[in-house]
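Here is the structure we will look at.
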Amino acid sequence: MTTPAYPELNYLNATHGIRSWLLTKDHKRIALLYLISVTVFFGLGGMFAGLIRLELTTPAGDLLAADTYNKMFTMHGIVMIFFFLIPSIPAILGNFLIPIMIGAKDLAFPRINLLSWYIYIIGGSFTLYAIVVGGVDTGWTFYTPYSTSASNTNVLPTGIGIFITGFSSILTGLNFIVTIHRMRAPGLTWFRLPLFVWAHYATSLIQILGTPVVAITVLMLAAERAFGIGIFNPALGGDPVLFQHLFWFYSHPAVYIMILPAMGVISELVACFSRKPIFGYSFVAFSSLAIAVFGFLVWAHHMFVAGISPYAAMVFSFLSFAVAIPSAVKTFNWAATMYKGAIWLASPMIFVFGFLGLFTIGGLTGLFLASLGTDIHIHDTYFVVAHFHYIMVGGAIMGYLAGIHFYWPKITGRMYPEAWAKFSALAVFVGFNLTFFPQFILGYMGMPRRYHTYPPEFQVLNVLSSAGATILAVGYSIPLIYLLWSLKYGKVAGNNPWGATGLEWKTQSPPLTENFTETPIVTEEPYDYARQGAHVG
Amino acid sequence: MSGHVSPKSMYFTIFGALMFFTALTVGVAFVDLGHLNFPVALAIAITKATLVILFFMHVIHSSRLTKLIVATGFFFLLILFGLTMTDYLTRGIQPNGQKGSMITQH
Ligand SMILES: [Cu+2]
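Residue numbers (the numbering used here), protein chains in the order written: chain Z, 1 to 537; chain W, 1 to 106.
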């Protein structure tokens, strides 16, 4: 194999200067703008997490005062969810890849795409302002009436920040839906689309249908807090449980905004590194849509002990069990795809294995919480914290890292050091389990979440968890170093270093600004690895 | 996207209708209809919203896909209201079917 040459002309060097980036309409450059800003927020959220774990190494509240601790976990949650997890895969990988995967020059609305990044930055600035001037302590869930009438922290600027950022998410979703409907290359029928695109289509539906609800909810919260309009506060004639209904109507599906794109990444990688077409393509595709729709029917499983009626609790418990089915369909199909495949343990695939294990544990422990009886015991304990971190960190971030590693050669045209990437995948997996598995046990033993002190008998498990967080931090930091290193010193990747199918691998790496020299015509079925032949690399 | 151009008269007619319903809302507020107070106010509001969506937002002359998208939005609103009501309408009913002593809202 001859070393491929780095393409002389590409989207990175097509134009120069800071203006050419800040005013770009190229979806690939906007993806990189997102990559940088989202990484900054990830670092910030990680710093808050570090302080939380440091505080919890001892049973006494000796590092952070109680109210400072409240601010730490609140800001950790807000930054990680609204400013890292929700935009991460769609706004970076989705933005970069969807037009290329469907053979288009750009998204349907390039200017709106750029606008969505500016909205994200403006919303982020409001939240950063709130953090700098003293923070907020309501928990990322903003439960009323505490958030409207008791908390004396910066609830309003944070709320405004989240309200604004929501529109960035809506615009991205809108852009994707229109693009997928209108801009597919000739021959690229719906059932020839990469499953990554299906997953993003489903994600976009949630973003468009769900985000306005949380925006209005935050607005009502602001109206009650600022003007005393009685919506949620019982003293003013409101109902605090109504806030929880409205909040979770968005915030449960929001978990699927985080995990569906990761599932899309996993589908691509499992097929590529097993050298087999994906097993049950249409089931995997439709399970994405099923998750998007049924994900809207389960929200009150967060409220079983909040005073909802026993009848409603039973309805939502049943529906929550039902929503596990499409996720299970995906997991079984991935396993069936790998069965008798020629598995290639390249670094992105190691992250995929991490995803599969952690997401499965996260999903199954969700069923514990969906059971009415069990939930009463473990509600608001560390069991819940462990559960959703297995989904959102073990699932979504693993998928994100898998995708970043898989598509890095396409994005930058260069390879990263494979051994370091494998080491990072391993460190993340080990660190993650050490951090969060003890929390399942702690929660089951009755340690509540959101306290800065705990009884001494819980210390061993908490120290293990904090030690794991250190390893996790190392696992997340190494890629930052070697990926940056690869920009200059990495081996030139060539068009298709993984020997993968799909239009994105047929164009040069990094692609031209217009992605293709001529509009591609699709004649192949998706994931045609049988025809693709033996492995490259 | 059908390129349909509506005559100005249509906009004025709809505007007139919206003004009429606004006046009606205010008028009805002075009449005590008992249980019907809320449903009547809501019915007027829904009528006005429908007029705006169909005519001012041009949905009536749009493609079927656009109509489907609009309908989907309202379907999700129905889910939000409907499933929330599974809670509010059954507060105080115990699993054994009897009215319990739970404190009901309002
Ligand atoms: Cu949930």
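Note that beta-carbon positions come from the ideal geometry of N, C-alpha and C, so glycine has one too.
Quantities reported herein were computed from a predicted structural model and do not represent experimental measurements.
Partner residues on chain Z for residue i, Cβ-Cβ distance less than 7 Å
i, result
"phenylalanine 38/W", "Neighbours of phenylalanine 38/W on chain Z: none; closest Cβ ~15 Å, over 7 Å."
"leucine 83/W", "Leu297"
"phenylalanine 76/W", "Leu209 and Phe296"
"arginine 91/W", "Ser309"
Sheet register partners of residue i (DSSP bridge)
i, result
"valine 492/Z", "Arg414/Z"
"proline 448/Z", "Thr381/Z"
Neighbour-count burial assignment, residue i, 16 or more Cβ in a 10 Å radius
i, result
"glutamine 105/W", "For glutamine 105/W, the pLDDT reaches just 44, beneath the cut-off of 50, and the residue's location in the model is therefore unreliable, although a value from the coordinates is still provided. So glutamine 105/W ends up on the exposed side."
"threonine 523/Z", "exposed"
"threonine 3/Z", "exposed"
"leucine 89/W", "exposed"
"isoleucine 98/Z", "buried"
"glycine 395/Z", "buried"
"proline 520/Z", "buried"
"aspartate 528/Z", "exposed"
"lysine 330/Z", "buried"
"threonine 453/Z", "exposed"
"threonine 179/Z", "buried"
"glutamate 504/Z", "buried"
"valine 31/W", "exposed"
"isoleucine 376/Z", "exposed"
"threonine 184/Z", "Here residue 184/Z turns out to be arginine, not threonine, going by the sequence shown. The residue is buried, with at least 16 neighbouring Cβ atoms inside 10 Å."
"methionine 102/W", "Per-residue confidence for methionine 102/W stands at a pLDDT of 48, beneath the threshold of 50, marking its modelled position as unreliable; the derived number appears in the next sentence. Looking at its Cβ environment, which holds fewer than 16 other Cβ atoms inside 10 Å, methionine 102/W is exposed."
"alanine 530/Z", "exposed"
"methionine 137/Z", "Checking the displayed sequence, the identity of residue 137/Z turns out to be aspartate instead of methionine. Aspartate 137/Z should be labelled buried."
"alanine 534/Z", "Low local confidence applies: a pLDDT of 48 at alanine 534/Z is under 50, so the model's placement there is unreliable, with the coordinate-based value given in what follows. Result: exposed."
"leucine 401/Z", "buried"
"tyrosine 451/Z", "exposed"
"glycine 537/Z", "Residue confidence for glycine 537/Z is low, a pLDDT of 43 falling below 50, so the modelled location carries little weight; the figure read from the coordinates is stated next. With fewer than 16 other Cβ atoms within 10 Å, it is exposed."
Cβ separation of residue i and residue j, assumed to be a contact under 8 Å, to the nearest whole Å
i, j, result
"threonine 337/Z", "phenylalanine 279/Z", "4 Å"
"isoleucine 164/Z", "isoleucine 122/Z", "6 Å"
"leucine 548/Z", "tyrosine 390/Z", "Residue 548/Z cannot be examined here, being either before or after the span of chain Z that is shown, 1 to 537."
"leucine 205/Z", "glycine 264/Z", "The Cβ separation is near 14 Å, so there is no contact."
"alanine 473/Z", "glycine 46/Z", "7 Å"
"lysine 488/Z", "asparagine 495/Z", "With 8 Å as the limit, lysine 488/Z and asparagine 495/Z do not qualify as a contact, their Cβ atoms being about 21 Å apart."
"valine 569/Z", "phenylalanine 368/Z", "No information on residue 569/Z is available, as it lies outside the stretch 1 to 537 that chain Z covers here."
"isoleucine 53/W", "valine 70/W", "7 Å"
"isoleucine 266/Z", "valine 393/Z", "Not quite, the Cβ-Cβ distance comes to about 15 Å (not below 8 Å), so this is no contact."
"phenylalanine 273/Z", "tryptophan 344/Z", "5 Å"
"asparagine 175/Z", "alanine 108/Z", "6 Å"
"alanine 386/Z", "glycine 443/Z", "6 Å"
"alanine 493/Z", "proline 417/Z", "The pair is not a contact, with the Cβ atoms about 13 Å apart (cut-off 8 Å)."
Within chain W, the residues that residue i reaches when beta carbons sit closer than 7 Å
i, result
"tyrosine 201/Z", "Chain W residues near tyrosine 201/Z: none, gap ~13 Å exceeds 7 Å."
"phenylalanine 249/Z", "Leu80"
"alanine 312/Z", "Thr86, Asp87 and Thr90"
"valine 315/Z", "Thr86"
"valine 213/Z", "Leu80"
Identity of the residue in the options nearest residue i by Cα
i, options, result
"leucine 64/Z", "Phe48/Z, Ile78/Z, Phe41/Z and Val79/Z", "Phe48/Z"
"histidine 252/Z", "Leu35/Z, Ile92/Z and Ile81/Z", "Ile81/Z"
"serine 157/Z", "Ser317/Z, Thr453/Z, Asn175/Z and Ile78/Z", "Inspection of the sequence shows that residue 157/Z is occupied by proline rather than by serine. The residue with the shortest Cα to Cα distance from proline 157/Z is Ile78/Z."
"histidine 302/Z", "Thr470/Z, Ala370/Z, His387/Z and Phe429/Z", "Ala370/Z"
"phenylalanine 142/Z", "Arg184/Z, Leu114/Z, Leu56/Z and Ala215/Z", "Ala215/Z"
"isoleucine 160/Z", "Thr144/Z, Phe296/Z, Pro456/Z and Ala130/Z", "Ala130/Z"
"arginine 53/Z", "Phe458/Z, Arg19/Z, Ala469/Z and Gly166/Z", "Ala469/Z"
"isoleucine 170/Z", "Pro186/Z, Ser151/Z, His379/Z and Gly210/Z", "Gly210/Z"
"glycine 237/Z", "Leu193/Z, Asn70/Z, Pro145/Z and Pro409/Z", "Pro145/Z"
"methionine 349/Z", "Leu426/Z, Leu464/Z, Thr172/Z and Trp198/Z", "Leu426/Z"
"isoleucine 119/Z", "Ile481/Z, Phe84/Z and Gly166/Z", "Gly166/Z"
"isoleucine 546/Z", "Tyr476/Z, Ala335/Z and Phe440/Z", "Beyond the ends of chain Z as shown, which are 1 and 537, falls residue 546/Z; an answer cannot be given."
"serine 37/Z", "Thr517/Z, Lys276/Z, Ser116/Z and Trp485/Z", "Ser116/Z"
"proline 526/Z", "Asp26/Z, Ile325/Z, Arg29/Z and Ile102/Z", "Ile102/Z"
Proximal residues of chain W, C-beta to C-beta of residue i below 8 Å
i, result
"histidine 302/Z", "Simply none; closest approach about 12 Å."
"histidine 252/Z", "What histidine 252/Z touches in chain W: nothing, since even the nearest Cβ is about 11 Å away."
"histidine 16/Z", "What histidine 16/Z touches in chain W: nothing, since even the nearest Cβ is about 38 Å away."
Cβ-heavy atom distance, residue i to ligand 3, below 8 Å
i, result
"histidine 245/Z", "Absence of ligand 3 is noted for the structure shown, with ligand 1 being the only ligands found."
Where residue i meets chain Z, residues with beta-carbon distance less than 8 Å
i, result
"threonine 66/W", "Result: empty, since nearest Cβ-Cβ is about 11 Å, beyond 8 Å."
"glycine 109/W", "The shown model of chain W, from 1 to 106, leaves out residue 109/W, and the question about it has no answer."
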